[in-house]
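Numbering (this note's numbering), first residue to last: 44 to 270.
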């Protein structure tokens, strides 16, 4: 049983690598991410320094929930270990996002081919949302999103001190959740709360769909178009 698990993992890793580097969209994303890394060292006190973390959202923000990272208390060895972990985590997050974009590109090509060879498909919305719920990876991500939204709702509407509870849904559903922030009106009103919770929930669902498509591609090994 153990011996059979390793051979199955290798093709999946190869398919993941092919999706991340085998399409123009994935390669372009990795190039932009690579170009953003020097900004951390050239402009450490500028908002531009956050570009690598924003580009690798939402996975890069998950590391903030861990008890170690940049600025960890301790000696030089602890700080070096924390920085190494953060760099490795950002690279992994960038690789996953590139694979997601690669899977999306391949999926669009296959969908266009299917549209030319077949008539309109029924239940289109259900088919579009199916990747968000038909695999454990997307369902696990949706569970994290639901927990973040539930905690934020409790803190904002039921707790006497909400603090910065809104940051968790924003980080969990980034980068699309930033659009909800831009659409929010100024001031504290029911409309602001409605747009925030609706927008972050929609952003989380969109992320789950993209993650589910990646899980499908890696799991089934469907061929992807050369780019």
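Built from N, CA and C at the ideal position, the CB exists for glycine as well.
Beta-carbon contacts of residue i that lie in its chain and below 8 Å, excluding the five residues immediately before and after
{"i": "residue 104", "result": "96, 214, 215 and 217"}
{"i": "residue 234", "result": "228"}
{"i": "residue 226", "result": "238 and 242"}
{"i": "residue 89", "result": "82"}
{"i": "residue 262", "result": "55 and 178"}
{"i": "residue 167", "result": "none"}
{"i": "residue 147", "result": "68, 253 and 256"}
Limits of the alpha helix (DSSP H) - the one that residue i falls within
{"i": "residue 220", "result": "220-226"}
{"i": "residue 65", "result": "Element bounds for residue 65: n/a, residue is neither H nor E."}
{"i": "residue 204", "result": "Taken as a continuous stretch (DSSP letters only), residue 204 belongs to no alpha helix (DSSP H), as it is neither H nor E."}
{"i": "residue 103", "result": "102-105"}
{"i": "residue 94", "result": "94-98"}
{"i": "residue 215", "result": "210-215"}
7 Å Cβ shell around residue i - same chain, five flanking residues per side excluded
{"i": "residue 82", "result": "91, 92 and 94"}
{"i": "residue 211", "result": "191, 194 and 195"}
{"i": "residue 182", "result": "176"}
{"i": "residue 187", "result": "215"}
{"i": "residue 185", "result": "175, 247 and 251"}
{"i": "residue 249", "result": "219"}
Where residue i falls: helix, strand or coil (DSSP)
{"i": "residue 178", "result": "coil"}
{"i": "residue 264", "result": "Bear in mind that a pLDDT of 48 at residue 264, under 50, signals an unreliable position, so the number given afterwards is only what the model happens to contain. In the structure shown, residue 264 sits in coil (DSSP, three-state: anything other than H, G, I, E or B)."}
{"i": "residue 170", "result": "helix"}
{"i": "residue 230", "result": "coil"}
{"i": "residue 194", "result": "helix"}
{"i": "residue 89", "result": "coil"}
Proximity below 8 Å, CB of residue i to CB of residue j
{"i": "residue 142", "j": "residue 73", "result": "no"}
{"i": "residue 43", "j": "residue 69", "result": "Lying before the first or after the last residue shown, residue 43 is absent from the chain, which here runs from 44 to 270."}
{"i": "residue 208", "j": "residue 219", "result": "no"}
{"i": "residue 252", "j": "residue 171", "result": "yes"}
{"i": "residue 175", "j": "residue 255", "result": "yes"}
{"i": "residue 258", "j": "residue 178", "result": "yes"}
{"i": "residue 223", "j": "residue 246", "result": "yes"}
{"i": "residue 127", "j": "residue 106", "result": "no"}
{"i": "residue 260", "j": "residue 135", "result": "no"}
{"i": "residue 98", "j": "residue 79", "result": "yes"}
Same chain, Cβ closer than 6 Å to residue i, five either side skipped, listed in chain order
{"i": "residue 205", "result": "198 and 199"}
{"i": "residue 132", "result": "106"}
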